[in-house]
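Trainee: A single structure is presented below for examination.
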Amino acid sequence: MSELHLMVTITNRARFPEFIELYRSHGLEVNLIALGYGTARSDVLGVLGLDKSEKAVCFSFVTAETWRKVKRDLEGKIYIDVPDTGIAFIVPMSSIGGRRELAYLTDGQEFTKGDETVLKDTVNELLVVISNQGYNDVVMDAAREAGAAGGTVIHAKGTGSHRAERFLGISLASEKDVVFIVTKTSRKNAIMRSIMDKAGMETDAKSIVFSLPVTDTAGLRLLEAEEA
């Protein structure tokens, strides 16, 4: 049985191609790329001799074994431990909506599906929905019908879309909306099912949805009161 993780990489945009090349050498073709910038204060940047840096953020999907190999090369080839190079970390994934979607996200890696990841006393989950750009309203309408309160949208560019035809039987646009929804674990399956039914691969939205365990929260007291 394999464990699947969401790997998040943050680095300066100028160095980002090095990371993508390394990931592809490990068979990681399916990635989401978004742009951002560092938030260090100007006086801190001055002391460090740095400019306000533009960042690239990459979301990838890795098994525990792939992560061990990628981490080794991040440290040994890109020297990620050198300051201002970047950071990479992984978060365990608890479930993915659909077998075809799972095969697509894990293509190129050794993966044996096991039980869903469950962390003890995890009351909330983060649902992540990747859809074609412009369909976030469709995704949120479906999520709200199943009890979701709201979500946050970022725009990203997908890679590895050429593999989608092999696994999903469709062509995927590279421009993506990524919707983040925090919800009660008890509502997770219903929300994921609603999104898959109304905004999934059989629709124009072409959404993939997966969940990540949330170990603690702040700011959700109104939702907690509704559950009481």
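Per this note's numbering, the sequence shown starts with residue -14, numbered consecutively. We put the beta carbon where it would ideally sit given N, CA and C, even for glycine.
Mark Glu86 as exposed unless 16 or more other C-beta atoms lie within 10 angstroms of its C-beta, in which case mark it buried.
Mentor: For the purposes of this step, residue 86 is identified with residue 101 of the sequence shown, where counting begins at 1. Burial call: buried.
Trainee: Which runs of the beta strand (DSSP E) spanning at least 3 residues fall entirely within the stretch 156 to 189, listed in chain order?
Mentor: Runs found: 160 to 169.
Trainee: Looking at the structure shown, is Leu90 part of a helix, part of a strand, or coil, going by DSSP?
Mentor: Translated into the one-based positions of the sequence shown, residue 90 becomes position 105. The answer is helix: DSSP assigns Leu90 an H, G or I state.
Trainee: Among all the DSSP beta bridges, which residues are the ones paired with Val(-6)?
Mentor: Locating residue -6 in the sequence shown gives position 9, counting from the first residue. Correcting the residue identity first, residue -6 is Thr in this sequence and not Val. Thr(-6) is bridged to Cys43 and Ala73.
Trainee: Hey, would you say the C-beta of Leu20 is under 7 Å away from at least one heavy atom of the ligand SAH?
Mentor: By its list of ligands, the structure shown contains no ligand whatsoever, and the ligand SAH lies outside what it can speak to.
Trainee: Put Ala128 into one of helix, strand or coil per three-state DSSP.
Mentor: Along the sequence shown, read from residue 1 onward, the residue named residue 128 stands at position 143. Residue state, collapsed to three classes: helix.
Trainee: Take the Cβ of Ile72 as the centre, count every other Cβ of all protein chains shown within 10 Å, and call the residue buried at 16 or more, exposed below.
Mentor: Residue 72 sits at position 87 when you count from the first residue of the sequence shown. Burial call: exposed.
Trainee: Run the CB neighbour count on Glu110, radius 10 Å, all protein chains shown included, and call it buried at 16 or more, exposed below.
Mentor: Residue mapping note: residue 110 aligns to position 125 of the sequence shown, counting from 1. Glu110 is buried by the Cβ-count criterion.
Trainee: Does Phe74 pass the burial test, meaning 16 or more other C-beta atoms within 10 Å, or should it be called exposed?
Mentor: One-based indexing of the sequence shown puts residue 74 at position 89. Looking at its Cβ environment, which holds fewer than 16 other Cβ atoms inside 10 Å, Phe74 is exposed.
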